[in-house]
Amino acid sequence: MPLPDGLEMTALATCDDGAVLQISGELDHCTEQHFRASVGTFLDRGHRHVVLDCSPLTFCDSRGLNCLLSVEWLLERRQGRLLLAGVRHNVARVLHLTGTGSLLRTFPTVARALATLPPDERPAWPPPAAGHRLTGELPHVPPQGRAAATAYAYRSGSAPA
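Last residue of the sequence shown? That's 196 in this note's numbering, and every number before it is there in order.
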């Protein structure tokens, strides 16, 4: 179920250098702060690659597009990438109409997007457990070595302890 602001972010898998996040609902002027805070959590942890599963994303306006472009810009400066997977027709149309489709790399599936990353810089896919909603601070994850996959499994809607 989406959060009151109409956006839900779920961490599906992570490793030292990358994360797979799923975005559900609407990415617009009402939800951009939640999106920036959620993605910022992963950028603050040093992730250089973010695969964003957009298959449940139902709407994206110019503010949402600006959020995506901002993340792409930040990751490029870290020698990383933002990869969009499962982009639906309505969101793909926004990318096409604004001419930003050439700036944001899109793939039909998360697996295809991950395949473009170096093997030691991508999380295991499919993830070993379900993701959790990013509703609060993420739990501390002890280092488990290069590309050791970590998935977060929490009860639906529960905030990490």
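A virtual CB, placed ideally from N, CA and C, is assigned to each residue, including glycine.
Check                                                                                          : Outcome
Residues near G115 in its chain [Cβ-Cβ closer than 7 Å; skip 5 each side]                      : R83 and H84
When V145, L78, G121 and T135 are compared against R112, the one with the closest alpha-carbon : L78
Unbroken beta strand (DSSP E) run spanning T141, endpoints                                     : R140 to F142
Short Cβ contact (8 Å threshold) for L149 with V126                                            : no
Collapsed DSSP secondary structure at G99 in the structure displayed                           : helix
Every unbroken alpha helix (DSSP H) inside the region 104 to 150 [4 residues or more]          : 124 to 133 and 145 to 150
Spatial distance of S90 from A120 (CA atoms)                                                   : 7 Å
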